[in-house]
Amino acid sequence: MNRDEEYMHKALAEARRALAGGEFPVGCIIVYEDRVVARGRRSNSRGLAANEMDHAEISALRRLLTDHPDIAPKDVTVYATMEPCLMCFTTMLLNGIRRIVYAYEDIMGGGTDLDLSSLKPLYQQIAMEITPQVCRAESLELFREFFNNPNNDYWQESLLTQYTLRQS
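Under my numbering, the letters of the sequence shown match residues 2 to 169, in that order.
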């Protein structure tokens, strides 16, 4: 098992905690100098407090910036069990993150293939390192479990659900 797989397993543990709580199974960890310095998992994907701001990556990034203001974001790696959405991806960009590793592709809302060179000057010079599909099968299983549960209504009729349930 390589280092990216080792750390992705820690992000998968966060995703399992989210799933156990009835949440969309996305987990995230942030690694600096070979140690986990921040963790996050999806919250408020369902229920009365449902919103599209409490994503795992945003939660982990907030913890990094609050608990470790001395760590330069350019020196960390973000591990997420699903490809970061456009909101999470651009938030990481603007906060200086330059390396992202993810497990399962978000064919409906993933943002990592955004062509930064075609955007405004603020983004054009940013160089990102993106590593996809690390522990993809393990992450896919969590999403299958979520979408197969009739009690979960989050994105239930979406392209992502259809795509996930067709994967082998």
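Where a beta carbon is used, it is the ideal one built from N, C-alpha and C, also for glycine.
Please check the pair residue i and residue j, which I expect to be a contact at CB under 8 Å, by giving their CB distance rounded to whole angstroms.
{"i": "D102", "j": "M9", "result": "The sequence shown places Val at residue 102, not Asp. Yes, they are in contact, since the Cβ atoms of V102 and M9 sit about 7 Å apart, within 8 Å."}
{"i": "L13", "j": "T82", "result": "6 Å"}
{"i": "R42", "j": "A16", "result": "6 Å"}
{"i": "E130", "j": "R167", "result": "The Cβ separation is near 30 Å, so there is no contact."}
{"i": "Y80", "j": "I127", "result": "Wrong, their Cβ atoms sit about 20 Å apart, outside the cutoff."}
{"i": "G111", "j": "C86", "result": "7 Å"}
Return the residue from the list the options that minimises the CA-CA distance to residue i.
{"i": "T92", "options": "T113, L49 and C136", "result": "T113"}
{"i": "D107", "options": "I59, A73 and W156", "result": "W156"}
{"i": "H56", "options": "Y33, G28 and D35", "result": "G28"}
{"i": "A104", "options": "Q126, A61, M129 and P26", "result": "P26"}
{"i": "V38", "options": "S44, D5, A50 and P74", "result": "P74"}
{"i": "S169", "options": "F90, M129 and A138", "result": "A138"}
{"i": "Y33", "options": "E24, G22, N52 and A61", "result": "A61"}
{"i": "P151", "options": "E7, V79 and G23", "result": "G23"}
{"i": "L115", "options": "M88, S140, F144 and Q134", "result": "M88"}
{"i": "Q125", "options": "L94, M109 and E146", "result": "L94"}
{"i": "P70", "options": "G97, P133 and T165", "result": "G97"}
Name the two residues that bound the continuous alpha helix (DSSP H) containing residue i.
{"i": "M1", "result": "Residue 1 cannot be examined here, being either before or after the span of the chain that is shown, 2 to 169."}
{"i": "M93", "result": "L87 to L95"}
Go ahead and label residue i buried or exposed: buried means 16 or more other beta carbons lie within 10 angstroms of its beta carbon, across all protein chains shown.
{"i": "P122", "result": "exposed"}
{"i": "R40", "result": "buried"}
{"i": "E58", "result": "buried"}
{"i": "A19", "result": "buried"}
{"i": "E84", "result": "buried"}
{"i": "T212", "result": "The structure shown does not extend to residue 212, since the chain is modelled only from 2 to 169, so the question has no answer here."}
{"i": "S118", "result": "exposed"}
{"i": "L120", "result": "exposed"}
{"i": "L143", "result": "buried"}
Taking the beta strand (DSSP E) that residue i falls in, what are its first and last residues?
{"i": "R167", "result": "Not the beta strand (DSSP E): R167 falls in the alpha helix (DSSP H), residues L160 to R167."}
{"i": "M100", "result": "Reading off the sequence, residue 100 comes out as Arg, not Met. Start and end: R100 to Y105."}
{"i": "M109", "result": "That residue, M109, is in no beta strand (DSSP E); it is neither H nor E in DSSP."}
{"i": "Y155", "result": "Taken as a continuous stretch (DSSP letters only), Y155 belongs to no beta strand (DSSP E), as it is neither H nor E."}
{"i": "V79", "result": "V77 to M83"}
For a minimum of 3 consecutive residues, which ranges assigned as the beta strand (DSSP E) are wholly contained in the stretch 111 to 148? 130 to 132
Whole beta strand (DSSP E) elements within the stretch 30 to 74, 3-residue minimum: 36 to 42
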